[in-house]
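Quick notes on the structure that follows.
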Amino acid sequence: MRSFGWWLLGCSQMLMAQAGERMAQAGEVVKQPLGQYASEQFVTVQAPCPDCQGLAQALWYFKGETVAVPQAGQPVTGFAAGKRGADDVASLNVHALPGLVWTGATRQWANTHLVAGAKQLRLADGQESAFEIVPKIPTNLSYWNQDSQGFFAQRALSIRGEQQGPTIVARTIWPEDFRLDLQATAQPLQAGESLKQLVQFEHGGARSPHQSRLLWQKTAGTQPSLAGKAVLGVLLNGAQGDDDEAHGGHFALATGVVAADGSYHHWLVNNYYNLATNSEKGIIAGVTPFDKYMADLNSGQAFYRPSYMLVAVFSQATIPATIQASSNRVYQHFYRNDFIYDHATNNCAGISVDVLRNLGWKVPQSGGESVLKASAAYWYIAAQERSLTKGRAIYDYLDTEMTRLFPAVAFDAIGNDLLHIAHTGTTETLAGDMHNLADQLEAIYFVRIPQLPSSRADGLAPVYSFAQYQQQAPADRSQWKIIPVTPNPLPAHLKNGWALKPQTTALVPIPALLFLISGLAIIWFLLLFSGKALRRLYRNKTTP
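In short: position in the sequence shown from 1, add 1, done, that's this note's numbering.
Below is the structure:
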């Protein structure tokens, strides 16, 4: 029996090795680190791939895209069938890899330079190559132009793309001088200075220079050795300058390791976007390298808005690794449609904050706008638009706790709590897997990433409230500039488990119903009272 077991094990290892060889032939072994993961753990392939270990649902969403997937034999993140998302934290494995990483390209070139009007590229070894960029997606409003050319020609670049004969075709172009200043001395927030002010500087800083400011370090007066340390990046993207549905900005958590030169383009970003629609810029929700997330020529956030990042550096890899492991697990549920992205109740900020809170970091809440205001708005919009669905949508926007609704509020709450923990050593908001955060925290940076020059209008700082949203968008909703999208439903044959039992909310929330009943009761009472008063007045006037 034991010899049969060894034979079976040998056969399985041989099959895994053969699968690994087939995958390596289909793509290339990744040569650059992906966040905290070693490059040799992954191979790049085009999805869907028959030998990949990832979910069929995930591979369907990325069909036709180049992705990095775990090599055969590597541990891959699983999921608990009884959970829906961020609450699936019972058996996290920090060594398990994400099912796929959206790299978008097979190759990567560092320290390259544009020459001869962007038709040639000088590589790190001094050789030159013909150079082109990927075609523009027709619905994309932000793309490379002469301003982009002038900006990138002045600096060293990191490029992701494909080698097509003698030509490098770039999909991602990232400026290598955008990095952490590892020689900086601490410049803490001054009296009266806040994270919100840093974000709102120069209307959001779309045209401001890149900034790396060390806000705090553990040992005052000495220069910390941060290279090789694990990090958590709290990433806030600003408002789009010409899309009135996007004044709230965007939010994501990033993890990785500080490079010796302070570069962070190889970190991994956990980007939650609506999977049910096709993005006009080609964005697909997923784990993706920082440079791909920010500087993909079509989907890159930095080509159409400024961004801001708080970087927490840790002495141990545990905290970032745990957060990434939880995010990997959330994506397993997300791709399966166990839960659905919702702009009010389950958006990029809400899902990310849920990850932290379920791990034990009780990020301070900011409350909702007002149940009374939400209830009044429900009936106003429902009557005006003749739609209970639209009434429910506005109710959810006004009732959702604001750190789960507004990316800027989530950024502020996490950042302020992080600075409070750093300065005081308090652990009152920390429990579970996050209880060692205060002890392991080494440094905190604020990073401003300006908008990369493109054909898109300058972006702005994101809004912090519904009232500010109303001020920034046209008062007449018919004047809003909205970029339409098309549906992208997961095929029925890929749905199982919780995807067949979608979460639904009542069209008429109970508080709104009580508000209506109370309002009608008050009106009835006033009419009754006024009627009695009028009758009494009439009797008094007619009585001799």
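All C-beta atoms in this analysis are idealised placements derived from N, C-alpha and C, irrespective of residue type, glycine included.
Bear in mind the structure is a predicted one, so any value in this text is a computation, not a measurement.
- With fewer than 16 other beta carbons inside 10 angstroms of its own, residue 501 counts as exposed.
- Counting C-beta atoms within 10 angstroms of its own C-beta, residue 94 has fewer than 16 neighbours from the protein chains shown and is therefore classed as exposed.
- In the three-state reduction of the DSSP assignment, residue 325 falls in the helix class.
- Where residue 163 is concerned, the enclosing beta strand (DSSP E) starts and stops at 158-165.
- Residue 340 and residue 85 do touch by the CB rule: their CB atoms are close to 5 Å apart, below 8 Å.
- Contact check for residue 324 and residue 356: beta-carbon distance about 7 Å, within the 8 Å limit, so the pair qualifies.
- A Cβ-Cβ separation of about 16 Å leaves residue 88 out of contact with residue 338 under the 8 Å criterion.
- Around the C-beta of residue 397, 16 or more other C-beta atoms lie within 10 Å, and the residue is accordingly described as buried.
- For residue 249, the secondary structure class from DSSP, reduced to helix, strand or coil, is coil.
- Here residue 292 has 159, 161, 173, 175, 266, 267 as same chain residues with Cβ atoms under 8 Å from its own Cβ, once five neighbours each way along the sequence are excluded.
- Beta bridge pairing from DSSP links residue 297 with 173.
- With three or more CB-CB distances shorter than 8 Å, the region 301-317 counts as touching the region 438-446.
- By the Cβ neighbour-count rule, residue 270 is buried, with 16 or more other Cβ atoms within 10 Å of its own.
- In summary, residue 317 is exposed, with fewer than 16 beta-carbon neighbours lying within 10 Å of its beta-carbon over all protein chains present.
- In the displayed model, residue 497 falls within coil according to three-state DSSP, outside both helix and strand.
- Within the same chain, and ignoring the five residues on either side of residue 432 in sequence, the residues whose Cβ sits closer than 6 Å to its Cβ are 361.
- Assignment of beta-bridge partners to residue 450 by DSSP yields 308.
- Spanning the alpha carbons of residue 428 and residue 234 requires a straight line of approximately 20 Å.
- Checking the DSSP bridge columns, you'll see residue 334 has no partner listed.
- Residue 114 has 123 as its beta-bridge partners, per DSSP.
- When only Cα atoms are considered, residue 243 and residue 352 end up about 26 Å apart.
- Separation of the CB atoms of residue 165 and residue 109 is rounded to 15 Å, and the pair is thereby denied contact status at 8 Å.
- Counting only runs of 3 or more residues that sit fully inside the region 18-96, the beta strand (DSSP E) segments are 43-47, 67-71, in chain order.
- Separation of the CB atoms of residue 249 and residue 464 is rounded to 6 Å, and the pair is thereby assigned contact status at 8 Å.
- Taking a contact to require three or more Cβ pairs closer than 8 Å, the region 43-55 and the region 67-74 qualify as touching.
- With a cutoff of 7 Å on beta-carbon distance, residue 78 and residue 97 are scored as near each other.
- Shown here, residue 410 sits in a helix according to DSSP, grouped into three states.
- For residue 102, there is no enclosing beta strand (DSSP E), as DSSP gives it neither H nor E.
- With fewer than 16 other Cβ atoms inside 10 Å of its own Cβ, residue 478 counts as exposed.
- With a contact defined as Cβ atoms closer than 8 Å, residue 383 and residue 399 miss out at about 13 Å.
- With 16 or more other Cβ atoms from the protein chains shown falling within 10 Å of its own Cβ, residue 217 counts as buried.
- Per DSSP, the continuous alpha helix (DSSP H) segment holding residue 394 begins and ends at 389-400.
- With 16 or more other Cβ atoms from the protein chains shown falling within 10 Å of its own Cβ, residue 348 counts as buried.
- Bridge partners of residue 227 according to DSSP: none are assigned.
- Annotation for residue 131: the continuous beta strand (DSSP E) segment containing it runs 129-134.
- Around the Cβ of residue 368, a 10 Å sphere holds fewer than 16 other Cβ atoms; the residue is exposed.
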